[in-house]
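Visitor: First to last, the sequence lines map onto chains E and C. For the first sequence, the UniProt record's numbering gives the first residue as 1, with consecutive numbering after it. For the second sequence, the UniProt record's numbering gives the first residue as 1, with consecutive numbering after it. Glycine residues also receive a C-beta, built at the ideal position from the N, C-alpha and C atoms. Here the structure is a predicted model, which is why all the values come from computation and not from measurement.
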Amino acid sequence: MGNTSSMLTQYDIEEVQQHCNNAFSQQEIVSLYERFCQLDRNGGGFVSGEEFLSVPEFAVNPLSQRLLRMLDGLNFKEFVAFLSAFSPRATVQQKIEFIFKVYDSDGNGKVTFNDMLDVLHDLTGQFISEQQREQVLTKVLEEAGYNKESLLIMSDFVKILGSSGLKMEVEVPVD
Amino acid sequence: MSSGKGGELIPSSSELDLDRPNIEDYLPSGSSIHEPVGKLRLCNLLDISPTLTEAAGAIVDDSFTRCFKSNPPEPWNWNVYLFPLWWCGVVIRYLILFPVRVIVLTVGWIIFLSCFIPVHLLLKGHDKLQKNMERALVELICSFFVASWTGVINYHGPRPSMRPKQVFVANHTSMIDFIILEQMSSFAVIMQKHPGWVGLLQSTILESVGCIWFNRSEAKDRETVTKKLREHSQGVDNNPLLIFPEGTCVNNQYSVMFKKGAFELGCTICPIAIKYNKIFVDAFWNSRKQSFTMHLLQLMTSWAVVCDVWYLEPQNLRPDETPIEFAERVRDIISVRAGLKKVPWDGYLKYSRPSSKHRERKQQSFAESVLRRLEEK
Numbered sequence: 001m002g003n004t005s006s007m008l009t010q011y012d013i014e015e016v017q018q019h020c021n022n023a024f025s026q027q028e029i030v031s032l033y034e035r036f037c038q039l040d041r042n043g044g045g046f047v048s049g050e051e052f053l054s055v056p057e058f059a060v061n062p063l064s065q066r067l068l069r070m071l072d073g074l075n076f077k078e079f080v081a082f083l084s085a086f087s088p089r090a091t092v093q094q095k096i097e098f099i100f101k102v103y104d105s106d107g108n109g110k111v112t113f114n115d116m117l118d119v120l121h122d123l124t125g126q127f128i129s130e131q132q133r134e135q136v137l138t139k140v141l142e143e144a145g146y147n148k149e150s151l152l153i154m155s156d157f158v159k160i161l162g163s164s165g166l167k168m169e170v171e172v173p174v175d
Numbered sequence: 001m002s003s004g005k006g007g008e009l010i011p012s013s014s015e016l017d018l019d020r021p022n023i024e025d026y027l028p029s030g031s032s033i034h035e036p037v038g039k040l041r042l043c044n045l046l047d048i049s050p051t052l053t054e055a056a057g058a059i060v061d062d063s064f065t066r067c068f069k070s071n072p073p074e075p076w077n078w079n080v081y082l083f084p085l086w087w088c089g090v091v092i093r094y095l096i097l098f099p100v101r102v103i104v105l106t107v108g109w110i111i112f113l114s115c116f117i118p119v120h121l122l123l124k125g126h127d128k129l130q131k132n133m134e135r136a137l138v139e140l141i142c143s144f145f146v147a148s149w150t151g152v153i154n155y156h157g158p159r160p161s162m163r164p165k166q167v168f169v170a171n172h173t174s175m176i177d178f179i180i181l182e183q184m185s186s187f188a189v190i191m192q193k194h195p196g197w198v199g200l201l202q203s204t205i206l207e208s209v210g211c212i213w214f215n216r217s218e219a220k221d222r223e224t225v226t227k228k229l230r231e232h233s234q235g236v237d238n239n240p241l242l243i244f245p246e247g248t249c250v251n252n253q254y255s256v257m258f259k260k261g262a263f264e265l266g267c268t269i270c271p272i273a274i275k276y277n278k279i280f281v282d283a284f285w286n287s288r289k290q291s292f293t294m295h296l297l298q299l300m301t302s303w304a305v306v307c308d309v310w311y312l313e314p315q316n317l318r319p320d321e322t323p324i325e326f327a328e329r330v331r332d333i334i335s336v337r338a339g340l341k342k343v344p345w346d347g348y349l350k351y352s353r354p355s356s357k358h359r360e361r362k363q364q365s366f367a368e369s370v371l372r373r374l375e376e377k
């Protein structure tokens, strides 16, 4: 794909499509490329954290910092793969995998009590005290059959979230 | 008037904070965390999909960036018949029209300077006469500028009259907005101080029509400017004030939020709507991509600048209205007339980050829902 070329060849599009497991149609990939180039203002071939934060709708999102850690330095192919979890063609399994990755910040395949506490902190800010957060999390964990020391893995997440009708879809505008 | 390269982080001034209308009313999809009921379970806490969906939605497309996108025209020189036609067009534009326009502009400048400099230096004592002559001369040079782009401007509505306590506001697409309006009647505009030759023009010629400068990067500057605005609007003999409340150039298809400064002066607001016809040239000055000189050159090598200017009915602050509601009402009037879509973002977000208040509101609503559901059995 190169860094600053603003033309995608058919070969490039197919490569990206394969990489994201056909989550997006070819037209959607072209649109995403336009968007990627629009965000990548300095033409470095990847979108930096600063450039993402220049989108106000993204900057006000409570999970923006977490997502930035996953987004920083991605080239276009990886960018599309990142977004593939939000395609209507993605399976529930893929969506849950994405959510798991957001929680598992150190990437070791296990989500700890502290990981869950951190995300809850991002979502609630200063409006719940740290102590209350711990209490709430411990309570719902125990009710679901886990405890504070439990290390959740991917299959646990599937069990917990699989039946709740996950809605996580984004439409790529195609002109 | 906008300028400068974006990217500098400025501490968000107080005006970005508290007094904006609720952005949630404008953003697509439901509220950030949907309002479920029933006992709180683990899956409710772990399910961050609504927040993630919003973030991904913003990454894929967002209403703020759309305001500053300049649409390049579709290239149409793609076949054997059209290509020569297009090529003829290029030749005419660059080799015939452009030199003629440069000559016209140069002649205009010569006439202008040879009248302006003597008037400025010699008529020092006769204030009123000097002012009137300088005004007429500035209108003249603006007409020359407009001619140099073959400007076809349709003015609709009654010509503004010079009265005190009257402020004009317009939507902003490029610095040429000012030139187009100034050609018809003299205004004192408030602009961002620019570097380079534009700055030189600002400090010499435009001073004479009573323009006011501000510096976007200085936080305290806002109060000084508000004071100057107030003083100017009270003055009887001053040119009427022209303000672009968006604070930055927008691409003439959207309008960003109006700053309330102009609407707090206690004056009558006369809205002006400006709409450029994109078939001839896209007049949006994308200050991140082009310098003003390049922008002018682009205009001078296009066929024409065609636009409509509507002088709309003067508005006053209603007794039950806050200045912000007033600003939104006037923005509505202008956007409807010029066919612009309204967007709930502050134009200055081009240069700084949104305040944390928006994020906090989302966090608060989620926190409250969690605590509430904890109580339920």
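Going residue by residue through the segment 167–195 of chain C, where are the continuous beta strand (DSSP E) segments of at least 3 residues, counting only ones entirely within it?
Guide: Runs of the beta strand (DSSP E) inside the segment 167–195 of chain C: 188–192.
Visitor: Would residue 231 of chain C pass as a contact of residue 323 of chain C if the rule is Cβ separation under 9 Å?
Guide: Translated into positions along the second sequence, residue 231 of chain C becomes position 231. Translated into positions along the second sequence, residue 323 of chain C becomes position 323. Not closer than 9 Å, so no.
Visitor: Compute the beta-carbon to beta-carbon distance between residue 297 of chain C and residue 305 of chain C, rounded to the nearest angstrom, for a pair I have assumed lies under 8 Å.
Guide: By 1-based counting over the second sequence, the position of residue 297 of chain C is 297. By 1-based counting over the second sequence, the position of residue 305 of chain C is 305. That belief does not hold up - the Cβ atoms of residue 297 of chain C and residue 305 of chain C are roughly 13 Å apart, past 8 Å.
Visitor: Could you tell me the distance, in whole angstroms, from the CA atom of residue 158 of chain E to the CA atom of residue 115 of chain E?
Guide: In the first sequence, residue 158 of chain E corresponds to position 158, counting from 1. In the first sequence, residue 115 of chain E corresponds to position 115, counting from 1. Approximately 17 Å, taken between the alpha carbons.
Visitor: Using a C-beta cutoff of 9 Å, does residue 11 of chain E count as contacting chain C?
Guide: Walking along the first sequence from the start, residue 11 of chain E turns up at place 11. Not an interface residue.
Visitor: Put residue 205 of chain C into one of helix, strand or coil per three-state DSSP.
Guide: Here residue 205 of chain C is taken as the residue at index 205 of the second sequence, counted from 1. In the structure shown, residue 205 of chain C sits in coil (DSSP, three-state: anything other than H, G, I, E or B).
Visitor: The alpha helix (DSSP H) that contains residue 257 of chain C, what's its start and end?
Guide: The residue labelled residue 257 of chain C in the question sits at position 257 within the second sequence. Premise fails: residue 257 of chain C lies in the beta strand (DSSP E), 254–257, not in any alpha helix (DSSP H).
Visitor: Could you pull the DSSP bridge partners for residue 126 of chain C from this structure?
Guide: For the purposes of this step, residue 126 of chain C is taken as residue 126 along the second sequence, with counting starting at 1. In the DSSP output, where bridge partners are listed per residue, residue 126 of chain C has none listed.
Visitor: With contact counted as at least three CB pairs below 8 Å, one residue from each stretch, are the segment 52–61 of chain C and the segment 270–279 of chain C in contact?
Guide: Because the criterion of three Cβ pairs below 8 Å is not met, the segment 52–61 of chain C and the segment 270–279 of chain C do not touch.
Visitor: Along the segment 125–138 of chain E, where does the CB come closer than 8 Å to a CB of chain C? Name the residues.
Guide: Listed by position, the residues of the segment 125–138 of chain E near chain C (Cβ gap below 8 Å) are 125, 126, 127, 128, 132, 136, 137.
Visitor: Do you know whose CA, among E:131, E:84, E:124, lies nearest residue 22 of chain E's CA?
Guide: By 1-based counting over the first sequence, the position of residue 22 of chain E is 22. When each option's Cα is compared against that of residue 22 of chain E, the closest is E:84.
Visitor: Hey, residue 289 of chain C and residue 70 of chain C: beta-carbon distance below 9 Å or not?
Guide: Translated into positions along the second sequence, residue 289 of chain C becomes position 289. Translated into positions along the second sequence, residue 70 of chain C becomes position 70. Cβ distance < 9 Å, so residue 289 of chain C and residue 70 of chain C count as in contact.
Visitor: Could you tell me which chain C residues have their CB closer than 8 Å to the CB of residue 38 of chain E, listed as they occur along the chain?
Guide: The residue given as residue 38 of chain E occupies position 38 in the first sequence. Neighbours of residue 38 of chain E on chain C, chain order: 65, 69.
Visitor: Count the CB pairs spanning the segment 153–170 of chain C and the segment 308–324 of chain C that are closer than 8 Å, and state whether there are at least three.
Guide: The segment 153–170 of chain C vs the segment 308–324 of chain C: in contact.
Visitor: Would you verify that the beta carbon of residue 105 of chain E is, or is not, closer than 9 Å to some beta carbon of chain C?
Guide: On the first sequence, position 105 is the one that residue 105 of chain E refers to. No - not a single Cβ of chain C is within 9 Å of the one on residue 105 of chain E.
Visitor: Straight-line CA distance for residue 258 of chain C to residue 190 of chain C?
Guide: Numbered from its first residue, the second sequence carries residue 258 of chain C at position 258. Numbered from its first residue, the second sequence carries residue 190 of chain C at position 190. Each residue's Cα considered, the two are about 14 Å apart.
Visitor: Can at least three beta-carbon pairs, one atom from the segment 353–370 of chain C and one from the segment 52–65 of chain E, be found at a separation below 8 Å?
Guide: Yes, the segment 353–370 of chain C touches the segment 52–65 of chain E.
Visitor: Does the segment 95–115 of chain E come into contact with the segment 47–54 of chain E, if we say contact requires no fewer than three beta-carbon pairs (one atom in each stretch) closer than 8 Å?
Guide: The segment 95–115 of chain E, when compared against the segment 47–54 of chain E, does not touch it at the 8 Å Cβ threshold.
Visitor: Helix, strand or coil: which one does DSSP assign to residue 327 of chain C?
Guide: Residue mapping note: residue 327 of chain C aligns to position 327 of the second sequence, counting from 1. In this structure, residue 327 of chain C counts as helix in the three-state DSSP scheme.
Visitor: If the cut is a Cβ gap below 7 Å, which residues of chain C does residue 56 of chain E touch?
Guide: As a first step, residue 56 of chain E is located in the first sequence; it is residue number 56 there, counting from the start. What residue 56 of chain E touches in chain C: 64, 345, 349, 354.
Visitor: Just the Cα atoms here: how many angstroms apart are residue 247 of chain C and residue 63 of chain C?
Guide: Translated into positions along the second sequence, residue 247 of chain C becomes position 247. Translated into positions along the second sequence, residue 63 of chain C becomes position 63. So the two alpha carbons sit approximately 17 Å from each other.
Visitor: Quick check: the Cα distance between residue 212 of chain C and residue 363 of chain C, rounded to an integer number of angstroms?
Guide: Locating residue 212 of chain C in the second sequence gives position 212, where the first residue counts as 1. Locating residue 363 of chain C in the second sequence gives position 363, where the first residue counts as 1. Distance between the alpha carbons of residue 212 of chain C and residue 363 of chain C is about 41 Å.
Visitor: Should residue 18 of chain E go down as buried or exposed, given a rule of 16 or more other Cβ atoms within 10 Å for buried?
Guide: Walking along the first sequence from the start, residue 18 of chain E turns up at place 18. Exposed, by the Cβ-count rule.
Visitor: Measuring straight from C-alpha to C-alpha, what distance separates residue 376 of chain C and residue 147 of chain E?
Guide: Taking the second sequence and counting its residues from 1, the one referred to as residue 376 of chain C is at position 376. Taking the first sequence and counting its residues from 1, the one referred to as residue 147 of chain E is at position 147. Looking at the two C-alpha atoms, the distance is approximately 21 Å.
Visitor: To which residues does DSSP link residue 45 of chain C through a beta bridge?
Guide: For this step, residue 45 of chain C is matched to residue 45 along the second sequence. In DSSP, residue 45 of chain C forms no bridge with anything.
Visitor: Which residues of chain C have a Cβ atom closer than 9 Å to the Cβ of residue 59 of chain E, listed in chain order?
Guide: Translated into positions along the first sequence, residue 59 of chain E becomes position 59. Neighbours of residue 59 of chain E on chain C, chain order: 58, 349, 353, 354, 358, 359.
Visitor: My output table needs one value for residue 152 of chain E: the three-state DSSP class, helix, strand or coil.
Guide: As a position in the first sequence, residue 152 of chain E is number 152, starting the count at 1. Of the three classes helix, strand and coil, the one that applies to residue 152 of chain E here is strand, per DSSP.
Visitor: Could you check whether the Cβ of residue 287 of chain C sits closer than 9 Å to any Cβ belonging to chain E?
Guide: The residue labelled residue 287 of chain C in the question sits at position 287 within the second sequence. Not one chain E Cβ lies under 9 Å of residue 287 of chain C.
Visitor: Could you give the distance in angstroms between the alpha-carbon of residue 118 of chain C and the alpha-carbon of residue 203 of chain C?
Guide: Position 118 of the second sequence, counting from 1, holds the residue named residue 118 of chain C. Position 203 of the second sequence, counting from 1, holds the residue named residue 203 of chain C. Spanning the two alpha carbons is a distance of roughly 17 Å.
Visitor: Can you name, in chain order, every residue of its own chain whose Cβ lies under 7 Å from the Cβ of residue 178 of chain E, other than the five neighbours on each side?
Guide: Outside the shown range of chain E (1 to 175) lies residue 178 of chain E, about which nothing can therefore be said.
Visitor: Give the straight-line distance between the Cα atoms of residue 284 of chain C and residue 15 of chain E, rounded to the nearest whole angstrom.
Guide: In the second sequence, residue 284 of chain C corresponds to position 284, counting from 1. In the first sequence, residue 15 of chain E corresponds to position 15, counting from 1. When rounded, the distance between both Cα atoms is 36 Å.
Visitor: Take residue 383 of chain C as the anchor and find which of C:350, C:317, C:141 has the nearest alpha-carbon.
Guide: Shown here, chain C extends from 1 to 377; a query on residue 383 of chain C therefore has no answer.
Visitor: Taking only the alpha-carbon atoms, compute the straight-line gap between residue 215 of chain C and residue 277 of chain C and give it to the nearest angstrom.
Guide: By 1-based counting over the second sequence, the position of residue 215 of chain C is 215. By 1-based counting over the second sequence, the position of residue 277 of chain C is 277. Cα to Cα, the separation comes out at about 31 Å.
Visitor: Does residue 29 of chain C come out as helix, strand or coil in the three-state DSSP assignment?
Guide: If you number the second sequence from 1, residue 29 of chain C lands on position 29. Confidence at residue 29 of chain C is low in this model, with a pLDDT of 41, below 50, so the placement of that residue should be treated as unreliable; the coordinate-derived value is given next. It is coil, neither helix nor strand.
Visitor: Any Cβ of chain E within less than 9 Å of the Cβ of residue 177 of chain C?
Guide: Residue 177 of chain C sits at position 177 when you count from the first residue of the second sequence. Residue 177 of chain C does not count as touching chain E.
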